[in-house]
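Participant: What follows is a single structure, and I will ask about it in a moment.
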Amino acid sequence: MIITKLRLHDFRNYPEITLYPHTGINLFFGQNGSGKTNLLEAVHCCALGRSHRAGNDREMVMRGRPSGGCGVTVDGEDGFSSEIVVHFTPEERRKKQVWINRKKTTRLAELMGHLRCVIFSPEDLSLVKEGPSARRRYLDMMISQLDVGYFVALQRYQKAMEERNSVLREGKRQGAIRESLLDPYDELMAESAAQILPRRQETMAWIGRVAAETYGEICGRPEERLETIYQPFSGARMDKEEILQVLREGRREDMARGTSCTGPHREDILMMLSGREMRLYASQGQARTAALALKLAQRRYFEEKTGEKPVLLLDDVMSELDMSRRTRLLSEISSAQTFVTCTDESDLDGCGERRVYHVSLNAAACAEVEERSDGGERREDRGRQVEEPDFS
Ligand SMILES: Nc1ncnc2c1ncn2[C@@H]1O[C@H](COP(=O)(O)OP(=O)(O)OP(=O)(O)O)[C@@H](O)[C@H]1O
Ligand SMILES: [Mg+2]
Numbered sequence: 305m306i307i308t309k310l311r312l313h314d315f316r317n318y319p320e321i322t323l324y325p326h327t328g329i330n331l332f333f334g335q336n337g338s339g340k341t342n343l344l345e346a347v348h349c350c351a352l353g354r355s356h357r358a359g360n361d362r363e364m365v366m367r368g369r370p371s372g373g374c375g376v377t378v379d380g381e382d383g384f385s386s387e388i389v390v391h392f393t394p395e396e397r398r399k400k401q402v403w404i405n406r407k408k409t410t411r412l413a414e415l416m417g418h419l420r421c422v423i424f425s426p427e428d429l430s431l432v433k434e435g436p437s438a439r440r441r442y443l444d445m446m447i448s449q450l451d452v453g454y455f456v457a458l459q460r461y462q463k464a465m466e467e468r469n470s471v472l473r474e475g476k477r478q479g480a481i482r483e484s485l486l487d488p489y490d491e492l493m494a495e496s497a498a499q500i501l502p503r504r505q506e507t508m509a510w511i512g513r514v515a516a517e518t519y520g521e522i523c524g525r526p527e528e529r530l531e532t533i534y535q536p537f538s539g540a541r542m543d544k545e546e547i548l549q550v551l552r553e554g555r556r557e558d559m560a561r562g563t564s565c566t567g568p569h570r571e572d573i574l575m576m577l578s579g580r581e582m583r584l585y586a587s588q589g590q591a592r593t594a595a596l597a598l599k600l601a602q603r604r605y606f607e608e609k610t611g612e613k614p615v616l617l618l619d620d621v622m623s624e625l626d627m628s629r630r631t632r633l634l635s636e637i638s639s640a641q642t643f644v645t646c647t648d649e650s651d652l653d654g655c656g657e658r659r660v661y662h663v664s665l666n667a668a669a670c671a672e673v674e675e676r677s678d679g680g681e682r683r684e685d686r687g688r689q690v691e692e693p694d695f696s
């Protein structure tokens with residue numbers, strides 16, 4: 305997959321910018337706070353409709369503006385190209401608008417798969433060192449980019465759970481609840497969970513195997529064995545009726561606590577290194593290697609499942625990696641379109657052909673991007689006419 309055009313409009317600190325990226329490496333360098341990560345975030349939004357950073361969609365819109373957005377034109381390896389625009393409208397009833405090939409869509413799900421990306425960032429460490437939500441997010445974002453049905457099942461599950469929680473909260477407030485009120489929600493949750501669980505299990509089996517191999521290659525110490533073990537909330541039970549049974553068994557606790565305590569939203573991926581839980585025991589370097597191995601495995605998974613290389617987004621990771629990890633990452637990025645940010649241009653010395661952009665702040669504190677060198681041919685140089693995405 306190749307992004308041939310990237311446009312930001314009132315997005316973060318970019319009033320308006322259009323870039324025609326290189327098909328290989330695009331390096332953005334500049335001072336802290338200039339707007340490098342914002343560019344990668346825009347690409348991520350075009351792939352998944354949301355930021356890779358935690359936070360509110362409203363923050364994506366330039367301060368003082370009512371709306372803003374980003375858009376890409378993506379060439380797939382099948383010869384087709386897609387034009388995607390994501391427009392954030394926090395002041396309107398519908399807070400986010402998505403256009404695909406100039407057609408407005410009402411379902412975010414339709415966005416999935418047009419652009420697949422893998423982001424590497426210093427925050428990846430949270431995959432190993434923090435609680436389960438970062439790991440679930442990793443898994444959900446990965447599978448959603450491959451399987452729209454999975455994304456839809458997640459949305460349905462979430463909606464049913466929120467409604468179930470409001471019933472449980474009200475029940476707790478009143479001191480009692482008729483248990484049968486939970487029946488329709490449990491039914492919906494079990495149906496979605498029966499779609500979610502097998503996909504999670506299958507994906508983590510693949511990822512776990514490849515991440516373990518990758519970890520071994522980077523670390524080079526056979527006694528350090530990485531294991532990533534998916535832990536379904538239902539144990540081995542994956543069928544809708546069985547899941548329903550597990551949800552029912554959890555009702556008593558749910559009613560006592562006033563919230564849903566069991567389900568896919570509470571699952572985890574256990575990360576072990578040589579039999580010890582990494583969250584508690586891993587050193588900083590071991591955790592970093594495991595996180596890198598998970599992301600590299602994700603990149604390979606996309607390629608294995610689709611035959612296409614995803615776009616890679618590397619946010620400030622080079623300076624954090626030692627030579628062996630850096631070499632490994634560089635060998636992976638050499639064959640895919642990559643957007644890299646760093647504060648020092650020399651962080652990417654030795655990685656071959658690339659296009660370099662300098663990102664800086666102007667007098668109005670807005671980001672500006674200046675192309676410093678041209679590492680090769682641009683797609684639009686070959687006579688292809690790309691019209692402006694429609695932000696209206
Ligand atoms: N909604 C917004 N409106 C205007 N400016 C914003 C908005 N959100 C963030 N910014 C500005 O964007 C800048 C941060 O951009 P970004 O995170 O891309 O920086 P960076 O170049 O990646 O920095 P670092 O090297 O520290 O990672 C800050 O100056 C911040 O004030
Ligand atoms: Mg940054």
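In terms of the numbering used here, the sequence shown opens at residue 305 and continues consecutively.
We put the beta carbon where it would ideally sit given N, CA and C, even for glycine.
Just the residues with CB closer than 5 angstroms to a heavy atom of ligand 1, in chain order, which are they?
Facilitator: That gives Arg316, Asn317, Asn336, Gly337, Ser338, Gly339, Lys340, Thr341, Asn342, Met366 and Arg367.
Participant: Would DSSP call Gly475 helix, strand or coil?
Facilitator: Translated into the one-based positions of the sequence shown, residue 475 becomes position 171. Residue state, collapsed to three classes: helix.
Participant: Cβ of Arg698 within 8 angstroms of Cβ of Val663?
Facilitator: Here the chain has residues from 305 to 696 only, and residue 698 is not among them.
Participant: Along the chain, where does the beta strand (DSSP E) containing Tyr324 start, and where does it finish?
Facilitator: As a first step, residue 324 is located in the sequence shown; it is residue number 20 there, counting from the start. From DSSP, Tyr324 is part of no beta strand (DSSP E); its letter is neither H nor E.
Participant: Leaving out five residues before and five after Ser639 in sequence, what residues of the same chain have Cβ atoms less than 6 angstroms from its Cβ?
Facilitator: Numbered from 1 along the sequence shown, position 335 holds the residue referred to as residue 639. Cβ neighbours of Ser639 beyond the five flanking positions: none.
Participant: With H, G and I counted as helix, E and B as strand and the rest as coil, what does DSSP make of His348?
Facilitator: Walking along the sequence shown from the start, residue 348 turns up at place 44. In the structure shown, His348 sits in a helix (DSSP, three-state: H, G or I).
Participant: What's the call for Ser355, buried or exposed, on a 16-neighbour Cβ count within 10 Å?
Facilitator: Position 51 of the sequence shown holds residue 355. By the 10 Å Cβ count, Ser355 comes out buried.
Participant: Below 8 angstroms between beta carbons: does that hold for Val365 and Leu310?
Facilitator: Stepping through the sequence shown from its first residue, residue 365 is reached at position 61. Stepping through the sequence shown from its first residue, residue 310 is reached at position 6. Not closer than 8 angstroms, so no.
Participant: Quick one, are the C-beta atoms of Ser578 and Arg529 less than 8 angstroms apart?
Facilitator: To locate residue 578, count along the sequence shown from 1; it is residue 274. To locate residue 529, count along the sequence shown from 1; it is residue 225. Yes; because the gap between Cβ atoms is below 8 angstroms, this pair is in contact.
Participant: Run through the stretch 620 to 680 for me and flag every whole alpha helix (DSSP H) of 4 or more residues, listed as ranges in chain order.
Facilitator: Entirely contained in the stretch 620 to 680, the alpha helix (DSSP H) runs reaching 4 residues are, in chain order, 627 to 637.
Participant: Nearest-angstrom Cα distance between Lys476 and Thr563?
Facilitator: Position 172 of the sequence shown, counted from the first residue, corresponds to residue 476. Position 259 of the sequence shown, counted from the first residue, corresponds to residue 563. Approximately 9 angstroms, taken between the alpha carbons.
Participant: Give me the Cα-Cα distance between Asn317 and Cys670, rounded to the nearest whole angstrom.
Facilitator: Reading the sequence shown from its first residue, position 13 is the one you call residue 317. Reading the sequence shown from its first residue, position 366 is the one you call residue 670. Their backbone Cα atoms lie some 5 angstroms apart in a straight line.
Participant: May I ask you to report which of helix, strand or coil DSSP gives Asp314?
Facilitator: Taking the sequence shown and counting its residues from 1, one reaches residue 314 at position 10. Strand.
Participant: Could you check whether the Cβ of Asp651 sits closer than 7 angstroms to any heavy atom belonging to ligand 2?
Facilitator: What you label residue 651 is simply residue 347 of the sequence shown in a count that begins at 1. Checking every heavy atom of ligand 2 against the Cβ of Asp651, none is found closer than 7 angstroms.
Participant: Am I right that Ala515 and Tyr489 are in contact with their C-beta atoms under 8 angstroms? What's the rounded C-beta distance?
Facilitator: In the sequence shown, the residue the question calls residue 515 occupies position 211. In the sequence shown, the residue the question calls residue 489 occupies position 185. Not quite, the Cβ-Cβ distance comes to about 35 angstroms (not below 8 angstroms), so this is no contact.
Participant: Could you have a look at Asn330 and say whether DSSP puts it in helix, strand or coil?
Facilitator: For this step, residue 330 is matched to residue 26 along the sequence shown. Asn330 falls in the strand class under three-state DSSP.
Participant: Tell me whether the stretch 335 to 354 and the stretch 607 to 621 touch, counting them as touching only if at least three CB pairs, one residue from each stretch, are closer than 8 angstroms.
Facilitator: Taking 8 angstroms as the limit for Cβ pairs, the verdict is that the stretch 607 to 621 does touch the stretch 335 to 354.
Participant: DSSP state of Arg683, grouped into three classes?
Facilitator: Here residue 683 refers to the residue found at position 379 when the sequence shown is read from its first residue. Annotation note: pLDDT 42 at Arg683 (below 50); position unreliable, no value reported.
Participant: Helix, strand or coil, according to DSSP, for Pro319 in the structure here?
Facilitator: Taking the first residue of the sequence shown as position 1, residue 319 is located at position 15. Of the three classes helix, strand and coil, the one that applies to Pro319 here is strand, per DSSP.
Participant: Starting from Ser430, follow the alpha helix (DSSP H) in both directions and report where the run begins and ends.
Facilitator: Counting from 1 along the sequence shown, the entry for residue 430 is found at position 126. Note, Ser430: alpha helix (DSSP H), Ser430 to Lys433.
Participant: Do Glu571 and Gln602 have their beta-carbon atoms positioned less than 8 angstroms apart in this structure?
Facilitator: Translated into positions along the sequence shown, residue 602 becomes position 298. Translated into positions along the sequence shown, residue 571 becomes position 267. No, Cβ-Cβ distance for Gln602 and Glu571 is not below 8 angstroms.
Participant: Just how far apart, CA to CA, sit Leu596 and Val471?
Facilitator: In the sequence shown, counting from the first residue as 1, residue 596 sits at position 292. In the sequence shown, counting from the first residue as 1, residue 471 sits at position 167. Computed Cα separation, rounded: 41 angstroms.
Participant: Any idea what DSSP makes of Ser371, helix, strand or coil?
Facilitator: Counting from 1 along the sequence shown, the entry for residue 371 is found at position 67. It is coil, neither helix nor strand.
Participant: For Glu387, which three-state DSSP category applies?
Facilitator: Locating residue 387 in the sequence shown gives position 83, where the first residue counts as 1. Strand.
Participant: I need the boundaries of the alpha helix (DSSP H) containing Phe537, first residue and last residue.
Facilitator: Within the sequence shown, numbered from 1, the residue matching residue 537 stands at position 233. Taken as a continuous stretch (DSSP letters only), Phe537 belongs to no alpha helix (DSSP H), as it is neither H nor E.
Participant: If I measure Cβ to Cβ from Arg686 and keep anything under 7 angstroms in the same chain, skipping five residues before and after, which residues do I get?
Facilitator: For the purposes of this step, residue 686 is identified with residue 382 of the sequence shown, where counting begins at 1. Note that Arg686 scores 36 on pLDDT, short of 50, meaning its location in the model is unreliable; the coordinates nonetheless yield the value given after this. Taken in chain order, the list of residues that qualify is empty.
Participant: Take Arg629 and list the residues in its own chain whose beta-carbon comes closer than 8 angstroms to its own, dropping the five residues that flank it on each side.
Facilitator: Residue mapping note: residue 629 aligns to position 325 of the sequence shown, counting from 1. Hits under 8 angstroms: Ile522, Arg592, Thr593 and Leu596.
Participant: Between Ile321 and Leu312, which are expected to be in contact by the criterion C-beta below 8 angstroms, what is the C-beta distance as a whole number of angstroms?
Facilitator: Here residue 321 refers to the residue found at position 17 of the sequence shown. Here residue 312 refers to the residue found at position 8 of the sequence shown. The pair is a contact, with the Cβ atoms about 5 angstroms apart (cut-off 8 angstroms).
Participant: Roughly how many angstroms separate the alpha carbons of Leu323 and Gly479, rounded to a whole number?
Facilitator: Translated into the one-based positions of the sequence shown, residue 323 becomes position 19. Translated into the one-based positions of the sequence shown, residue 479 becomes position 175. Taking the straight line from one Cα to the other gives about 59 angstroms.
Participant: Of the residues Asn666, Asp651, Asp543 and Arg604, which one's Cα is nearest the Cα of Asp626?
Facilitator: Stepping through the sequence shown from its first residue, residue 626 is reached at position 322. Considering only alpha carbons, the answer is Asp651.
Participant: One question on the structure: do Glu495 and Lys544 come within less than 8 angstroms of each other, judged by their Cβ atoms?
Facilitator: For the purposes of this step, residue 495 is taken as residue 191 along the sequence shown, with counting starting at 1. For the purposes of this step, residue 544 is taken as residue 240 along the sequence shown, with counting starting at 1. It is a contact, given that the beta carbons lie within the stated cut-off.
Participant: At a cut-off of 7 angstroms, is Thr645 close to ligand 2 when judged by its beta-carbon and the heavy atoms of the ligand?
Facilitator: For the purposes of this step, residue 645 is taken as residue 341 along the sequence shown, with counting starting at 1. Yes, the beta carbon of Thr645 sits closer than 7 angstroms to at least one heavy atom of ligand 2.
Participant: Under the rule that 16 or more other beta-carbon atoms within 10 Å means buried, what is Ile533, buried or exposed?
Facilitator: Here the question's residue 533 lines up with position 229 in the sequence shown. Answer is exposed; the Cβ neighbour count stays below 16.
Participant: What residue range does the alpha helix (DSSP H) around Gln505 cover?
Facilitator: Working through the sequence shown from its first residue, we reach residue 505 at position 201. Its alpha helix (DSSP H) spans residues Asp487 to Cys523.
Participant: How would you call Asp648, buried or exposed, if buried means at least 16 neighbouring beta carbons within 10 angstroms?
Facilitator: Stepping through the sequence shown from its first residue, residue 648 is reached at position 344. Result: exposed.
Participant: Could you pull the DSSP bridge partners for Glu607 from this structure?
Facilitator: The residue given as residue 607 occupies position 303 in the sequence shown. Partner(s): none; Glu607 has no beta bridge.
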